[in-house]
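The numbering of the sequence shown is UniProt numbering, which starts it at 1 and goes up by one. We put the beta carbon where it would ideally sit given N, CA and C, even for glycine. For clarity, every value in this text was computed on a predicted model and none was experimentally measured.
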Amino acid sequence: MKTTILYMYLKTIKALLFFALCLLFMYTATAQGVAVNTDGSVPDATALLDVKSSTKGLLIPRMTSIQRTGIATPATGLIVFDTDTNNFWYFNGTAWMKLETAGNNWSVTGNSATNTATNFIGTTDDVPLLLKVNNRVAGYIISTTATATNNITSWGYLALDQNTTGKKNVAVGNQSLTANTTGLNNTALGYQSLMASTTTNSSTALGCQALAKNNGDGNTAVGAQALFANTLGFNNVAIGFGAMPSSTGSTSCTALGSNTLSALTIGSYNTAVGSGANVSAGTISNATAIGYGAIVNASDKVRIGNSGVSVIEGQVPFTTPSDGRFKYNIKEDVKGLDFILQLRPVTYQFDVQRFDAAFNGNNTTYPVSNILQASYNEAAAIRRTGFIAQEVEQAAIKTGFDFSGINKPKTAADHYGLSYESFVVPLVKAVQEQNKQLEELKKANSLMEASAKEMAKIISLQQQALEELKKRVEKLEKF
């Protein structure tokens, strides 16, 4: 009995001593950290847990991906080893992040031993790749179903964003070719260049908002807002800031120079060369304007230079095709003297500035005041020689002559003009008519001369007869 009591007493003492040692150990661990080792060394002063071994390691909890993601409210900094991915993962307070090895990272000083089949910079999901400099967007690359066969390149926010089967397209700039779906062979460089194009083929846009609204094929626009409003027009070329900006359905037009053909809307087959060269109305077709501020105000017409031009020079005259093989319905009905004698040759000065103000049309890009006043003054000071077109028209009507030298207004925005070389033909006719009259006068004169000679001969004979009679009378008187 005593033995049993003693045993229980000793057991209680051991338990109390063990508990006291545990309390002492916990106090020491709390104050100095915990050292786990086999050599009895104390923990490092900066470590809460100091594990030391030369034969064993620290084994982090292992689990599957499902188990890892199933941890309820994981603590920030929690580390586990995922047996499905064979990687360490840590929780950053928001999401699980994989601990990558240095070998999987791209170095900022360059990389080596890369393999294009497995190494790349980008994303593995359908999320755009964003590049920044100074925390500002410097590049935006999106997925456009690029493959080795469609040969497309895009760089910029929403560039080629909607592309599906379009091939051989290049888009550089925010929203360039953003709506393209099936269009082929297009190049867009600049903010919103070819922005609205969906099925356009073989078009080139270089410049901010160049061909921005285009859906026509074969257009080329170089310059900010060149061919900006074009929707269905095709085969146009516009080079220069604001060249053909209002054209919506024009075809086969060429505009070279800033703000050229700015008034054109649906007219086709027009050509404008020179800053501000333009048409006076949006529907004019087959017209040409050459030179700074040159305005052509009718279809099928060519205008060279603005009204301030005082000389148009060439080494040889203009040549008009005149091959008889292509002429038909030929008539000799040209009026000559009747028409020419109706004309009133005059000298005059021409108010070129008022002319431009009256016939500049809706061209507001280059108003009259922009042309050098000195050029106007020089052109207005010239004392010119010629006719007045309206008087020539009346002379032609009066003589029944369909004279091609009068260019009558085709529209309210057009004006009268004269083709002075056309006057050569009625002048030639007049000379021919005068020559005929002269020949007739010569013939009549010859007849009169012959008659005069006959009369002189008769008179001479009569005088001879009178002389004979006179002599006879004198003889009779002597007897």
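{"query": "For residue 384, three-class secondary structure by DSSP", "result": "strand"}
{"query": "Reduced DSSP secondary structure (H/G/I, E/B, other) of residue 50", "result": "strand"}
{"query": "Sequence-distant residues of its chain with Cβ nearer than 7 Å to residue 26 (five each side left out)", "result": "The predicted position of residue 26 is uncertain, since its pLDDT is 45 and thus under 50; a value taken from the coordinates is nonetheless stated next. Closer than 7 Å at the Cβ level, and outside the excluded window around residue 26, lies no residue."}
{"query": "Residue from 340, 388 and 355 with nearest C-alpha to residue 434", "result": "340"}
{"query": "Burial state of residue 390 (16 or more Cβ within 10 Å)", "result": "exposed"}
{"query": "Distance cut-off 7 Å: residue 346 Cβ against heavy atoms of the ligand COA", "result": "The ligand COA is absent from the structure shown, which contains no ligands of any kind."}
{"query": "Exposure label - residue 429; buried when at least 16 CB within 10 Å", "result": "buried"}
{"query": "Where the beta strand (DSSP E) through residue 325 begins and ends", "result": "Residue 325 -> no beta strand (DSSP E), and no H or E assigned at all."}
{"query": "Residue 422 (DSSP reduced to helix, strand or coil)", "result": "helix"}
{"query": "Endpoints, alpha helix (DSSP H) assigned at residue 356", "result": "352 to 359"}
{"query": "Residue(s) in a DSSP beta bridge with residue 348", "result": "384"}
{"query": "Where residue 187 falls: helix, strand or coil (DSSP)", "result": "strand"}
{"query": "Reduced DSSP secondary structure (H/G/I, E/B, other) of residue 224", "result": "coil"}
{"query": "Separation of residue 335 from residue 222, as counted between CA atoms", "result": "53 Å"}
{"query": "At least three beta-carbon pairs within less than 8 Å, the segment 60 to 71 to the segment 80 to 94", "result": "yes"}
{"query": "Backbone secondary structure at residue 132 - three-state DSSP", "result": "strand"}
{"query": "Element boundaries [alpha helix (DSSP H), containing residue 237]", "result": "Unbroken run through residue 237 is the beta strand (DSSP E), 237 to 239; no alpha helix (DSSP H)."}
{"query": "Candidates 199, 188, 265 and 215, of which the one nearest residue 224 by Cα", "result": "188"}
{"query": "Rounded C-alpha distance that separates residue 409 from residue 233", "result": "29 Å"}
{"query": "Option nearest residue 50 by Cα separation, candidates 62, 37 and 56", "result": "37"}
{"query": "For residue 406, the three-state DSSP class (helix, strand or coil)", "result": "strand"}
{"query": "Beta-carbon separation (whole angstroms), residue 193 vs residue 210, contact threshold 8 Å", "result": "5 Å"}
{"query": "For residue 217, the three-state DSSP class (helix, strand or coil)", "result": "coil"}
{"query": "Option in 106, 56, 358 and 314 with minimal Cα separation from residue 118", "result": "106"}
{"query": "Per-residue burial, residue 348 [other beta carbons within 10 Å of its own, 16 or more giving buried]", "result": "exposed"}
{"query": "Where residue 87 sits in the DSSP three-state scheme", "result": "strand"}
{"query": "Cβ-based neighbour list, residue 332, same chain, cut-off 8 Å, excluding 5 preceding and 5 following", "result": "none"}
{"query": "For residue 392, the first and last residue of its enclosing alpha helix (DSSP H)", "result": "389 to 398"}
{"query": "At least three beta-carbon pairs within less than 8 Å, the segment 303 to 315 to the segment 398 to 413", "result": "no"}
{"query": "Beta carbon of residue 235 nearer than 8 Å to that of residue 252", "result": "yes"}
{"query": "Between the CA atoms of residue 89 and residue 74 - distance to the nearest angstrom", "result": "12 Å"}
{"query": "Cβ-Cβ distance between residue 122 and residue 129 below 8 Å", "result": "yes"}
{"query": "Residue 339, enclosing alpha helix (DSSP H) - first and last residue", "result": "337 to 340"}
{"query": "DSSP state of residue 99 mapped onto helix, strand, coil", "result": "coil"}
{"query": "Under the three-state DSSP convention, the category residue 38 falls into", "result": "coil"}
{"query": "Residue environment, residue 97, which counts as buried when at least 16 other CB atoms sit within 10 Å", "result": "exposed"}
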